[in-house]
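Single-structure report; data block below.
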Amino acid sequence: MSLTDGESRLLVRVLGRHMPGVLPWHDVLDAEITVTSGFAQGRLEVCLDPGDLDGFSEVLVALVAGDDARWMDDGRSPGIRFEHTGGKGYVSVVVTDAAVSGTSVRIPVRLADGWADEHLERLRRVREAWPREVVETSPNAYEWRR
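My numbering puts the first residue of the sequence shown at 12, with every later residue one more than the last.
Listed below in structure tokens is the structure:
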């Protein structure tokens, strides 16, 4: 994810598998969240599970529909809120790291034309590069997908 308007930027960059070859962590991805504005700058390391990627897809659908959205807002990771601010094409992005540092940053970002299609394509490429290869057969029991 890369939302930027030249002044403010939210970047979520996937780095790779967290523990390749180790059940059940194989499908968990290491990532970093970077927030940059004229006033603040911060970086957080996170782990994304397959459900987080599904959740990001839902965020895109909500934002395109003009709704506010939350991503990874479950208390285990930094949460990201997207709030429409009244100006067409603008969202306020709030990144909150309640679990570790207790801080949050809010930045306004103007969404560029075509941003949603671009992010759907980025999500597709992440899923293609690191496909789900583990299946949970029962609670806390995992095996390789066949």
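For every residue, glycine included, the Cβ atom is placed at its ideal position computed from N, Cα and C.
Remember, predicted model here, so these are calculated numbers, not experimental data.
So, is residue i buried or exposed, given that buried needs 16 or more other C-beta atoms within 10 angstroms?
i, result
"Ser19", "buried"
"Trp155", "exposed"
"Val23", "buried"
"Ala80", "buried"
"Phe50", "exposed"
"Val46", "buried"
"Met12", "buried"
"Val104", "buried"
"Ala140", "exposed"
"Val120", "buried"
In whole angstroms, what is the alpha-carbon distance linking residue i and residue j?
i, j, result
"Thr107", "Tyr101", "19 Å"
"Glu94", "Tyr153", "37 Å"
"Leu26", "Leu64", "14 Å"
"Ala127", "Ser88", "24 Å"
"Asp11", "Val146", "In the structure as shown, the chain begins at 12 and stops at 157. Residue 11 is therefore absent and cannot be evaluated."
"Thr148", "Leu34", "12 Å"
"Ala110", "Glu56", "12 Å"
"Leu134", "Gly125", "15 Å"
"Ser68", "Glu132", "11 Å"
"Asn151", "Asp60", "15 Å"
"Trp36", "His29", "7 Å"
Terminal residues of the continuous alpha helix (DSSP H) containing residue i?
i, result
"Phe67", "61-75"
What is the DSSP secondary structure of residue i, counted as helix, strand or coil?
i, result
"Asp38", "helix"
"Val106", "strand"
"Trp126", "helix"
"Glu139", "helix"
"Glu2", "Here the chain has residues from 12 to 157 only, and residue 2 is not among them."
"Arg87", "coil"
"Ala80", "strand"
"Gly113", "coil"
"Val33", "coil"
Could you tell me the boundaries of the beta strand (DSSP E) in which residue i lies?
i, result
"Glu154", "152-155"
"Thr96", "Per DSSP, Thr96 belongs to no beta strand (DSSP E) and is neither H nor E."
"Val25", "20-28"
Based on the DSSP output, what are the partners of residue i in its beta bridges?
i, result
"Glu132", "Note: Glu132 sits in no beta bridge, so no partner."
"Gly53", "Val46"
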